[in-house]
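S.K.: Just so you know, the protein sequences line up as chains A and B, in that order. Once you know that position 139 of the first sequence is 139 in our numbering, the rest is easy, because the numbers rise by one and skip nothing. With positions in the second sequence counted from 1, the corresponding number in our numbering is that position plus 1000.
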Amino acid sequence: MNTLTIAKREMGSYFTSLIAYVVTTVFLVMSGYFYYTNMVMFVMFVGSDVKLGLWQQTFYDIRFVTVSVLPLLTMRLFAEEKKMGTIELLFTSPLRDRQIIMGKYLACLAVFAMMLALTMLYPVLLKIVYQLEPAPLAACYLGLFLMGGACIACGIFLSSLTENQVVAAMSTIGVLLLLWFLDWNEGIAGSAVVQVLHQLSFSEHFLNFIRGIIDINDIVYYLSVIAFFLFLTGCSLESRKWRGIK
Amino acid sequence: MNAIEVDHLTKYYSNARGVIDLSFEVNKGEIMGFLGPNGSGKTTTMRMLTCFFPPTSGTARICGHDILKEPLEVRRKLGYLPESVPLYLDMPVRSYLSFFAEVRGIPARQRKARIDEVLDKCSLTHVAHRLIGKLSKGYRQRVGIAQALLHDPEVLILDEPTIGLDPKQIIEIRSLIKGLGAARTVILSSHILSEVSAVCDRVIIIHEGKLVAVDTPHNLTRRLQQTPKILVRALGPAEAITKTLRSVPGVLSVKPGIDGPDAFIVDAEEGLPVINSLAQALCAQNLSIAEIRPVDMTLEEIFIQLVADDTEVRRQ
């Protein structure tokens, strides 16, 4: 109940401050551009395999937009409250820390879901002229949604560490890119290390989804990343108790 | 049962002293002033009472609920106005209050009536639909107080509620607080002494994190004032007036007052009707009296004296 109250306020704040509109616009323009160029490429050069290939390529590109845009949604969640001091109001209200964290997380996730829902316009338009397979597309959306959820959890954690929003956003982008590129160094490391990095990195798990494969492994991976970062956020909020905020 | 019982509350920061071994009680329905220079530990104490962070040692009970064992229950009983009056500036007043009404668990059906009530009490009704960010400091302060009052808390903790306001607003907020005191317990911190003596039933003075005194403003004055003081304003040559005043039996010393060139402060022996004698003496010398009255020590003087005593004791 209280979680939803927090979520509702955060959603309201996203829209009254125009952040949601700006971020959504950039996201839609960029993803629309990728979608258009990829489709043109497929129509002109590949011809076949639009069923899977077009979506694979397009979501591979949209993933990049997601990683660079979501930190701008998450950066304010705790950093702004700390800077304005409003966090003190929440901490002295009859709310549990986890309700505050989950409320904020759900609000951001809802904005992201809305952004994704708007991109569904592209396949709907395509369907008018071309017979589409919905299943691989559904896998793509599920993958992107889960990965976005992980990005948001990471962003919330880093936002809870600072009261400076730019610091929160930049560090989130850094961590997310690192998580993405983690296994791009096969040449250097031994095979065992690469195996581990493969399992840890965002990219390997995401690629399965956009190939049209829904593997329980990958779902569990993203859910664990989300749980891990939300747990760290809880620890970060808890730290006020032994650090003492002046 | 007291509304607030503070039991050997201590807080250390990693790099600084916060509050050391603070114990006091606040009765139900009392307005308690919390007085100390900046950085003396007022905000730290309030933050522990509101369960913002726990004490290093010691504890406190609010309406019988322990701040360590039942923090959520304590927060339910409390209304709190933090020192910097943090507000969501991007929300209109009514939505802001509505959000906290929901957080505070006020049932949806009663919410509107309750919000209207606090809006009215804090004279905010005409700005209810404006963005908080567009309001002046005085109005924001009132929104903060309205938020603290929303759930009709038994205990109200206000951290420097009048800081940064203009004199008219200060008077308004003070009378608002005074009106609240009848029904609930209020702790209010301040470093302005006149404010505390105007509003509070009792005063706690802390200095460098330690309790220096707890008493009513009246008792504090009496306790520290060794001899009665009398203020005399008379028209005439200062020398003649001083001489006349000195000649009265029971007068220990005569000093020029700080209120103007014609004011004098007379230290008198206790138990004698010195005021009468002074007046008669002046009349006998044909010096006309503009004013003659006993003066209490101001809280400023009490405060400086208490803090000085405290520092001295520590040095020994």
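No residue lacks a Cβ here, since even glycine has one placed at the ideal position from N, Cα and C.
1) Can you give the Cα-Cα distance for E1301/B and I1204/B, rounded to whole angstroms?
2) Just to make sure I have the definition right: I need the residues of chain A whose C-beta is within less than 8 Å of the C-beta of R1076/B. Which are they?
3) Return yes when the Cβ of M75/A is within less than 8 Å of the Cβ of A169/A, no when it is not.
4) With 16 other CB atoms within 10 Å as the buried threshold, where does D1120/B fall?
5) Mind listing which residues of the region 4-27 of chain A have their C-beta closer than 7 Å to chain B's C-betas, in chain order?
6) Write down the C-beta distance between L1156/B and Y1139/B rounded to the nearest angstrom, noting that I regard them as a contact closer than 8 Å.
7) Where does W242/A land, buried or exposed, given buried means 16+ other C-beta within 10 angstroms?
8) Along the chain, where does the alpha helix (DSSP H) that runs through G155/A open and close?
9) Exposed or buried, which one is V1274/B when buried takes at least 16 other CB atoms within 10 Å?
10) Leaving aside the five residues before and after L118/A along the sequence, list all residues of the same chain whose C-beta is less than 8 Å from its C-beta, in chain order.
11) Please identify the residue among V65/A, G85/A, S93/A whose C-alpha is closest to the C-alpha of L1078/B.
12) Establish whether the CB of Y1080/B and some CB of chain A are separated by less than 8 Å.
13) Can you grab the Cα-Cα spacing for the pair L1072/B / I1115/B, in whole Å?
14) Looking only at its own chain, which residues have a Cβ that is under 8 Å from the Cβ of R1174/B, when we skip the five neighbours before and after it?
15) Going by beta-carbon coordinates alone, are F1053/B and L1193/B separated by less than 8 Å?
16) Taking beta-carbon pairs under 9 Å, can you tell me which members of the region 75-89 of chain A lie near chain B?
17) Does the Cβ of H1129/B have 16 or more other Cβ atoms within 10 Å, making it buried, or fewer, making it exposed?
18) Assign N2/A to one of two classes, buried (16 or more other C-beta atoms within 10 Å of its C-beta) or exposed (fewer than that).
19) Nearest CA to the CA of R1094/B: which residue from P1107/B, E1083/B, R1076/B, E1117/B?
20) Using three-state DSSP, classify V1085/B as helix, strand or coil.
21) Which residues in the same chain have their Cβ closer than 6 Å to the Cβ of Y14/A, if we skip the five residues on either side of it in sequence?
22) What does N2/A reach in chain B if we use C-beta pairs closer than 9 Å?
23) What residue from L1131/B, L1150/B, G1105/B has the CA that sits closest to C1122/B's CA?
24) For V67/A and S31/A, which I take to be in contact (beta-carbon distance under 8 Å), what is that distance rounded to the nearest angstrom?
25) With DSSP run on the structure shown, which of helix, strand or coil describes K246/A?
26) Quick check on DSSP: helix, strand or coil for L959/B?
27) Does H205/A pass the burial test, meaning 16 or more other C-beta atoms within 10 Å, or should it be called exposed?
28) In its own chain, which residues sit with a C-beta less than 7 Å from the C-beta of K246/A, not counting the 5 before and 5 after it?
29) Expressed to the nearest angstrom, what Euclidean distance is found between the alpha-carbon atoms of F1145/B and V167/A?
30) For a quick check, are the C-beta atoms of M1032/B and D1267/B less than 8 Å apart?
31) Are there 16 or more other CB atoms within 10 angstroms of the CB of W184/A, so buried, or fewer, so exposed?
32) Who does K1229/B pair with in a DSSP beta bridge?
M.R.: Concretely, from the data shown:
1) As a first step, residue 1301/B is located in the second sequence; it is residue number 301 there, counting from the start. As a first step, residue 1204/B is located in the second sequence; it is residue number 204 there, counting from the start. Distance between the alpha carbons of E1301/B and I1204/B is about 15 Å.
2) What you label residue 1076/B is simply residue 76 of the second sequence in a count that begins at 1. Simply P94.
3) Within the first sequence, residue 169/A is the residue found at index 169, counting from 1. Within the first sequence, residue 75/A is the residue found at index 75, counting from 1. Yes, they are a contact pair.
4) Mapped onto the second sequence, residue 1120/B falls at position 120. By the beta-carbon neighbour count (other beta carbons within 10 angstroms, threshold 16), D1120/B is exposed.
5) T5, R9, S13, T16, S17
6) Here residue 1156/B corresponds to residue number 156 of the second sequence, with the count starting at 1. Here residue 1139/B corresponds to residue number 139 of the second sequence, with the count starting at 1. Not a contact, Cβ separation roughly 19 Å.
7) Counting from one through the first sequence, the residue named residue 242/A turns up at place 242. The residue in question, W242/A, is exposed, as its Cβ has fewer than 16 Cβ neighbours within 10 Å.
8) Walking along the first sequence from the start, residue 155/A turns up at place 155. G155/A -> alpha helix (DSSP H) spans 134-160.
9) Numbered from its first residue, the second sequence carries residue 1274/B at position 274. V1274/B comes out buried.
10) Along the first sequence, one-based indexing puts residue 118/A at 118. T24, L28.
11) Working through the second sequence from its first residue, we reach residue 1078/B at position 78. For the residues V65/A, G85/A, S93/A, the minimum Cα distance to L1078/B belongs to S93/A.
12) For this step, residue 1080/B is matched to residue 80 along the second sequence. It does: the Cβ of Y1080/B has a partner Cβ on chain A nearer than 8 Å.
13) Numbered from 1 along the second sequence, position 72 holds the residue referred to as residue 1072/B. Numbered from 1 along the second sequence, position 115 holds the residue referred to as residue 1115/B. Cα to Cα, the separation comes out at about 23 Å.
14) Looking up residue 1174/B in the second sequence gives position 174. Taken in chain order, the residues that qualify are T1162, E1195, A1198, V1199.
15) The sequence position of residue 1053/B within the second sequence is 53, counting from 1. The sequence position of residue 1193/B within the second sequence is 193, counting from 1. Cβ atoms of F1053/B and L1193/B: not closer than 8 Å.
16) E81, M84, G85, T86, I87, E88, L89
17) Walking along the second sequence from the start, residue 1129/B turns up at place 129. Looking at its Cβ environment, which holds fewer than 16 other Cβ atoms inside 10 Å, H1129/B is exposed.
18) Translated into the one-based positions of the first sequence, residue 2/A becomes position 2. Looking at its Cβ environment, which holds 16 or more other Cβ atoms inside 10 Å, N2/A is buried.
19) Taking the second sequence and counting its residues from 1, the one referred to as residue 1094/B is at position 94. Answer by Cα proximity: E1117/B.
20) For this step, residue 1085/B is matched to residue 85 along the second sequence. In the structure shown, V1085/B sits in coil (DSSP, three-state: anything other than H, G, I, E or B).
21) As a position in the first sequence, residue 14/A is number 14, starting the count at 1. Closer than 6 Å at Cβ, skipping near neighbours: A20, V111.
22) As a working note, residue 2/A is residue 2 in the first sequence. What N2/A touches in chain B: E1102, V1103, G1105.
23) Translated into positions along the second sequence, residue 1122/B becomes position 122. Looking at the Cα atoms, L1150/B is the closest of the given residues.
24) Taking the first residue of the first sequence as position 1, residue 67/A is located at position 67. Taking the first residue of the first sequence as position 1, residue 31/A is located at position 31. In fact, because the Cβ distance is near 13 Å, the residues do not count as touching under 8 Å.
25) Here residue 246/A is taken as the residue at index 246 of the first sequence, counted from 1. Note on K246/A: pLDDT 43, under 50, position unreliable in the model; no value is reported.
26) In this structure chain B extends from 1001 to 1316, so residue 959/B is not present and cannot be described.
27) In the first sequence, the residue the question calls residue 205/A occupies position 205. Buried is the call here.
28) As a position in the first sequence, residue 246/A is number 246, starting the count at 1. Interpretation of K246/A is limited by its pLDDT of 43, a score under 50 that renders its predicted location unreliable; the figure taken from the coordinates is listed afterwards. So the list is empty, once near-sequence residues are dropped.
29) As a position in the second sequence, residue 1145/B is number 145, starting the count at 1. As a position in the first sequence, residue 167/A is number 167, starting the count at 1. Checking the sequence, you will find Ile at residue 1145/B rather than Phe. Spanning the two alpha carbons is a distance of roughly 33 Å.
30) In the second sequence, counting from the first residue as 1, residue 1032/B sits at position 32. In the second sequence, counting from the first residue as 1, residue 1267/B sits at position 267. Contact: no.
31) In the first sequence, the residue the question calls residue 184/A occupies position 184. Exposed, because fewer than 16 other Cβ atoms sit within 10 Å of the Cβ of W184/A.
32) Within the second sequence, numbered from 1, the residue matching residue 1229/B stands at position 229. Per DSSP, D1267/B, V1295/B.
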